[in-house]
Amino acid sequence: MKKLSACLLKSLLVATLGLFGSSASAQKLYVYNWTEYIPSKLLADFTQETGIEVIYSTFESNEEMYSKMKLTQDSGYDLVFPSSYYIGKMAQEGMLQPLDKSKLSNLANISTDLLDKPFDPNNVYSLPYVYGLTGIGLNAAEIDPSAVDSWQDLWNPDYKGKVLLTADSREVFHFALLLLGYSPNTTDENEIKQAYESLKSLMPNVVAFNSDSPEVPYLQGEVEIGMIWNGSAFRAHHENPDVRFIYPKEGAIFWMDNYAIPQGAKNSDAAYRFIDFMLRPESAKVVIETMGFSMPNNGVKALLDTADADDPTLFPPASEIANGVLQADVGEAIDIYEKYWNLLKTH
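Just so we're aligned: the sequence shown equals residues -26 to -1, 1 to 321 in mature numbering (1 follows the signal peptide of the UniProt record, and there is no 0).
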């Protein structure tokens, strides 16, 4: 998941119990989602239309979401939003219901490019909510965009003390492994260690790790080049046209957060109604215009300004999606990543 910048927080509200003044007998929908991930307007509109009260709780990581669901035995929530590499893990452990797609009248609105991915073949357990690619951001006032086309460019000695990395171990090791010719989802400690050694040589260029608001250092002139999510770059470019987004030739880092219904959900019908509501192009438009996330919705472009609808940063080309690699569950090897990640940050 990719968090919003602080400048958008004032426009977002967390939906909590009693927000809409519903009676105690009103049907409820318990949603567990990333912080700042659905505009409050859509939650209010859904309740007004259906009478279903949304009880909205948030998490900051997939690990937190997974642990909380284990504690509640998958029965505390009706709708959750795991990232791609957690869907397979949760499905294998019996934590998710197979989806009844006949209950979704707007299913055809989902872009087929984002369906039937390896982590959930035929989308048995999940459907895409938002997606994106992590690539290279730069300040065109300082760096010629035409001179940057590879993750390897981050090692340029001219960028000493000017590079930003996200504070995400899997993402950072992802591009280092790509450059070495290894799978970004490797579980081989020797390969991960080689990526660590390569990243150590990058550290003189790195000035900060940021996964809270990665566009802010670009806007404030604190960094000139580095990692950035496409949605963050899209929002930043609207504030400062010099902030650009580059798709590295080795492939950007492909990520996706998804709708899923827990096995123990008590209000699954309400969950289907909410998913169907969110699959409307009008709902996708609100998400894009409020939050800047890419939405896999076939009808939404017709509702947007032409410049946004045609923006390859907001809507990554199919070729770039195909060139990207989704993160997969690496099982116990996550401990290996974390070991070398901690060493890297203290280097």
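Every residue, glycine too, gets a C-beta built ideally from N, C-alpha and C.
Buried or exposed by the 16-neighbour rule on C-beta atoms within 10 Å, applied to residue i
i                 : result
leucine 138       : buried
asparagine 164    : exposed
glycine 200       : buried
serine 242        : buried
methionine 177    : exposed
glycine 298       : buried
aspartate 316     : According to the sequence displayed, residue 316 carries asparagine and not aspartate. The residue in question, asparagine 316, is exposed, as its Cβ has fewer than 16 Cβ neighbours within 10 Å.
serine 76         : exposed
alanine 82        : exposed
threonine 160     : buried
residue 322       : The structure shown does not extend to residue 322, since the chain is modelled only from -26 through 321, so no value can be given for it.
aspartate 279     : exposed
serine 100        : buried
aspartate 74      : exposed
leucine -18       : For leucine -18, the predicted structure reports a pLDDT of 44, less than 50, and the residue's modelled location is therefore unreliable. A value from the coordinates is still provided. Per the 10 Å Cβ criterion, exposed.
leucine 16        : buried
alanine 296       : exposed
residue 327       : Residue 327 falls outside the range modelled here, since the chain spans only -26 to 321, and no answer is possible.
lysine 67         : The question names lysine, but residue 67 in the sequence shown is glutamate. Glutamate 67 comes out exposed.
phenylalanine 289 : buried
alanine -1        : exposed
proline 131       : exposed
Whether residue i touches residue j by CB criterion (8 Å)
i                : j                : result
phenylalanine 55 : tyrosine 11      : yes
lysine 63        : aspartate 303    : yes
alanine 182      : alanine 169      : no
serine 58        : glutamate 312    : no
isoleucine 84    : asparagine 214   : no
serine 172       : leucine 152      : no
glutamate 198    : tyrosine 133     : yes
isoleucine 61    : histidine 148    : no
valine 98        : proline 119      : no
isoleucine 29    : alanine 244      : no
leucine 277      : phenylalanine 93 : no
aspartate 48     : glutamine 237    : yes
aspartate 250    : asparagine 80    : yes
asparagine 184   : leucine 128      : no
threonine 140    : proline 191      : no
proline 13       : threonine 264    : yes
Boundaries (first-last residue) of the alpha helix (DSSP H) holding residue i
i              : result
asparagine 232 : It is not in any alpha helix (DSSP H) - asparagine 232 instead sits in the beta strand (DSSP E) that spans 227 to 233.
asparagine 36  : 36 to 45
lysine 319     : 308 to 319
lysine 223     : Unbroken run through lysine 223: none, as it is neither H nor E.
proline 255    : 255 to 265
serine 100     : Looking at the DSSP string, serine 100 is not in any alpha helix (DSSP H), and its letter there is neither H nor E.
glycine 62     : 58 to 66
isoleucine 295 : 292 to 297
methionine 30  : One point to set straight first is that residue 30 is tyrosine, not methionine, in the sequence displayed. Counting along the chain, tyrosine 30 falls outside any alpha helix (DSSP H), though it belongs to the beta strand (DSSP E) covering 27 to 33.
leucine 176    : 163 to 176
isoleucine 117 : Here isoleucine 117 belongs to no alpha helix (DSSP H), and DSSP marks it neither H nor E.
methionine 252 : 242 to 252
glycine 205    : 204 to 213
Residue range of the beta strand (DSSP E) that includes residue i
i             : result
isoleucine 84 : Element bounds for isoleucine 84: n/a, residue is neither H nor E.
tyrosine 51   : Unbroken run through tyrosine 51: none, as it is neither H nor E.
isoleucine 12 : Looking at the DSSP string, isoleucine 12 is not in any beta strand (DSSP E), and its letter there is neither H nor E.
glycine 155   : Per DSSP, glycine 155 belongs to no beta strand (DSSP E) and is neither H nor E.
threonine 280 : Where threonine 280 is concerned, there is no enclosing beta strand (DSSP E), although the alpha helix (DSSP H) it sits in stretches over 280 to 283.
alanine 182   : 180 to 183
leucine 139   : 137 to 139
8 Å contact criterion, which residue i and residue j should meet: CB distance rounded
i             : j              : result
glycine 109   : proline 222    : 6 Å
glutamate 294 : leucine 107    : 6 Å
alanine 234   : leucine 70     : 5 Å
arginine 247  : threonine 32   : Actually they are not in contact, since the Cβ atoms of arginine 247 and threonine 32 sit about 21 Å apart, beyond 8 Å.
alanine 239   : aspartate 52   : 4 Å
leucine 88    : methionine 230 : 7 Å
methionine 39 : tyrosine 4     : Actually they are not in contact, since the Cβ atoms of methionine 39 and tyrosine 4 sit about 13 Å apart, beyond 8 Å.
aspartate 216 : alanine 115    : 4 Å
Cβ shell of residue i (< 7 Å), same chain only, five flanking positions each side left out
i              : result
methionine 269 : Val104, Ala258, Val261 and Ile262
glycine 205    : Lys(-25), Gly106, Gly266, Phe267 and Ser268
asparagine 96  : Asp90
isoleucine 220 : Gly109, Ile110, Leu112, Pro119, Val122 and Asp123
alanine 292    : Asp87
asparagine 36  : Pro56, Ser57 and Tyr60
isoleucine 117 : Glu198 and Ile199
tyrosine 314   : Ile166, Lys167 and Tyr170
8 Å Cβ shell around residue i - same chain, five flanking residues per side excluded
i            : result
lysine 174   : Leu318 and His321
tyrosine 156 : Asp162, Glu165, Gln168 and Ala169
glycine 305  : Thr161
proline 287  : Residue identity check: residue 287 is threonine in the sequence provided, not proline. Correct list, in chain order: Asn204, Ala207, Phe208, His211 and Phe219.
C-beta neighbour in chain D for residue i, strict 8 Å
i             : result
isoleucine 61 : Given the protein chain composition of this structure (a single chain), no chain D is represented.
Neighbourhood of residue i by C-beta distance below 6 Å, restricted to the same chain and skipping five residues each side
i              : result
valine 274     : Pro255, Ala258 and Lys259
isoleucine 310 : Glu163 and Ile166
glutamate 145  : Thr108 and Ile227
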